[in-house]
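Below is one structure, written out as structure tokens, with a few remarks after it.
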């Protein structure tokens with residue numbers, strides 16, 4: 093935090109636009125680089141949550157799936173707090189596809 | 002004959018960020034430093050390199066006639082009068098875009114590389130065929146951008162394509178830097194741009210009215226040995242390109258006096 097940030101807060105001013113520019117850029121580039129639109133990312137997020145929810149009870153309100161970029165490498169980062177593991181009987185897992193060789 | 006010549010693509014993605022100005026100034030600066038240099042205008046649709054170099058009235062043949070073998074390469078090359086180490090190969094007719102292939106650009110650049118130490122290719126804006134043709138003919142690239150969201154975003158797309166095509170090294174020039182706005186955090190910082198694009202910084206060019214004056218005259222700033230901020234930046238870029246260790250300017254240190262001091266105080270991280 094800089095003196096400028098403190099002054100901005102005290103005076104209720106908007107933060108400097110460079111910060112906004114950086115944040116907007118990082119977001120748009122993560123999408124550009126993966127060729128994923130925000131809608132597709134949202135769909136993927138929902139499906140990932142559905143799959144995970146089959147195995148453990150997750151905190152949907154605090155779950156977060158997003159794209160993060162560092163050094164031109166983009167990673168899909170999922171942060172899903174687990175409330176509790178599901179009992180075996182609660183798991184709605186379809187095992188019919190599994191083969192036993 | 003030059004033994005190992007360098008072929009360098011100058012590109013940006015977005016238009017109007019300073020590709021052609023950089024090509025012209027870098028070409029002159031390299032030539033002044035004793036390197037036999039040729040600048041190739043690969044922007045067949047909207048050519049302007051001839052205009053910035055003040056050579057628009059001396060064009061007889063272009064890359065088009067060279068490719069069609071209706072003239073020899075040396076007939077098409079326009080030698081700069083004041084800086085005889087520099088030559089321009091003008092872009093042909095916009096209709097060339099209909100049939101030009103990456104192999105055509107490779108063959109032109111191959112011919113130039115036999116005669117010159119450095120071939121600078123002024124790339125068209127965009128990421129379509131014009132860009133791909135030009136990129137196919139170069140080994141290295143300089144990506145130029147400004148500290149604006151749209152320019153950085155487009156540069157990022159271009160860098161992705163250059164990486165796929167295997168150009169290396171790819172270096173960054175940050176153009177039209179306004180130290181005062183950066184200090185007030187109303188412009189993306191140098192580190193913001195280099196972090197996001199993850200390229201080594203080859204040079205920083207400050208916003209400079211002299212650039213407009215020089216384009217009006219068709220005399221690149223580096224030609225007159227001008228000491229304006231942009232002129233020094235372009236010369237330094239040329240020297241760094243040759244492996245010389247020239248320190249980058251620090252925009253935060255530009256500007257003396259009380260105002261600049263207060264600005265710096267406001268930027269200091271206190272916790």
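Residue numbers (this note's numbering), protein chains in the order written: chain A, 93 to 193; chain B, 2 to 272.
Beta carbons are placed, not taken as given, at the ideal position from N, Cα and C, and that holds for glycine.
Everything numeric in this text was worked out from a predicted model, so none of it was measured.
Beta-carbon contacts of residue i that lie in its chain and below 7 Å, excluding the five residues immediately before and after
i                     : result
residue 30 (chain B)  : 223, 235, 236, 239
residue 250 (chain B) : 205
residue 107 (chain B) : 137, 138
residue 177 (chain A) : 148
residue 20 (chain B)  : 11, 12, 13, 123, 124, 145
Three-state class that DSSP yields for residue i in the structure shown
i                     : result
residue 126 (chain A) : helix
residue 134 (chain A) : helix
residue 161 (chain B) : helix
residue 155 (chain A) : coil
residue 47 (chain B)  : coil
residue 104 (chain A) : coil
residue 42 (chain B)  : strand
residue 167 (chain A) : strand
residue 173 (chain A) : coil
residue 172 (chain B) : strand
residue 94 (chain A)  : strand
residue 5 (chain B)   : coil
residue 154 (chain B) : helix
residue 180 (chain A) : helix
residue 52 (chain B)  : helix
residue 204 (chain B) : strand
residue 60 (chain B)  : coil
residue 142 (chain A) : helix
residue 37 (chain B)  : coil
residue 73 (chain B)  : coil
residue 189 (chain B) : coil
C-alpha gap between residue i and residue j, whole angstroms
i                     : j                     : result
residue 147 (chain A) : residue 112 (chain A) : 38 Å
residue 63 (chain B)  : residue 113 (chain B) : 13 Å
residue 143 (chain B) : residue 153 (chain A) : 45 Å
residue 3 (chain B)   : residue 206 (chain B) : Summary for residue 3 (chain B): the model assigns pLDDT 44, below 50, so the residue's position carries little reliability; its value from the coordinates is reported in the next sentence. Their Cα atoms are separated by approximately 30 Å.
residue 55 (chain B)  : residue 218 (chain B) : 7 Å
residue 76 (chain B)  : residue 90 (chain B)  : 10 Å
residue 180 (chain A) : residue 169 (chain A) : 27 Å
residue 171 (chain B) : residue 175 (chain A) : 47 Å
residue 57 (chain B)  : residue 105 (chain A) : 51 Å
residue 152 (chain B) : residue 17 (chain B)  : 9 Å
residue 215 (chain B) : residue 127 (chain B) : 26 Å
residue 104 (chain B) : residue 123 (chain A) : 33 Å
residue 142 (chain A) : residue 119 (chain A) : 24 Å
residue 61 (chain B)  : residue 7 (chain B)   : 26 Å
residue 109 (chain B) : residue 123 (chain B) : 14 Å
residue 27 (chain B)  : residue 48 (chain B)  : 17 Å
residue 74 (chain B)  : residue 33 (chain B)  : 23 Å
residue 138 (chain A) : residue 95 (chain A)  : 41 Å
residue 174 (chain B) : residue 189 (chain B) : 14 Å
residue 81 (chain B)  : residue 114 (chain A) : 42 Å
Cβ-based neighbour list, residue i, same chain, cut-off 6 Å, excluding 5 preceding and 5 following
i                     : result
residue 171 (chain A) : 156
residue 178 (chain B) : 205, 207, 252
residue 245 (chain B) : none
residue 71 (chain B)  : none
residue 151 (chain A) : 173, 175
residue 163 (chain B) : 142, 171
residue 147 (chain B) : 18, 176, 177
residue 160 (chain A) : 167, 169
residue 42 (chain B)  : 48, 50, 91, 92, 123
residue 88 (chain B)  : 39, 78, 80
Sequence-distant residues of the same chain with beta carbon closer than 8 Å to residue i, five excluded per side
i                     : result
residue 162 (chain A) : none
residue 98 (chain B)  : 45, 46, 130, 131
residue 220 (chain B) : 55
residue 37 (chain B)  : 3, 86, 116, 117, 118, 119
residue 248 (chain B) : none
residue 94 (chain B)  : 45, 63, 65
residue 168 (chain B) : 10, 136, 139, 140, 141, 142
residue 129 (chain A) : 123
Those runs of the beta strand (DSSP E) which lie wholly inside the region 81 to 147 of chain B and span at least 3 residues: 87 to 90, 119 to 123, 141 to 146
At which residue ranges does the region 207 to 267 of chain B contain complete alpha helix (DSSP H) runs of 4 or more residues, listed in the order of the chain? 211 to 218, 230 to 242
Which of the residues in the region 191 to 215 of chain B, read from start to end, lie with their CB under 7 Å from any CB of chain A? With the criterion set as a beta carbon lying under 7 Å from some beta carbon of chain A, the members of the region 191 to 215 of chain B are 193, 197, 199, in sequence order.
Taking Cβ-Cβ distances below 9 Å as the criterion, which residues of the region 130 to 163 of chain A are in contact with chain B? 161, 162, 163
Between the region 112 to 126 of chain A and chain B, which residues of the former have CB atoms less than 8 Å from a CB of the latter, in chain order? 113, 114, 116, 117, 118, 120, 121, 124, 125
Between the region 164 to 189 of chain B and chain A, which residues of the former have CB atoms less than 7 Å from a CB of the latter, in chain order? 185, 186, 187, 188, 189
Contact list for the region 141 to 157 of chain B against chain A, Cβ threshold 7 Å: Against chain A - using a Cβ distance shorter than 7 Å - the residues of the region 141 to 157 of chain B are 150, 153, 154, 157.
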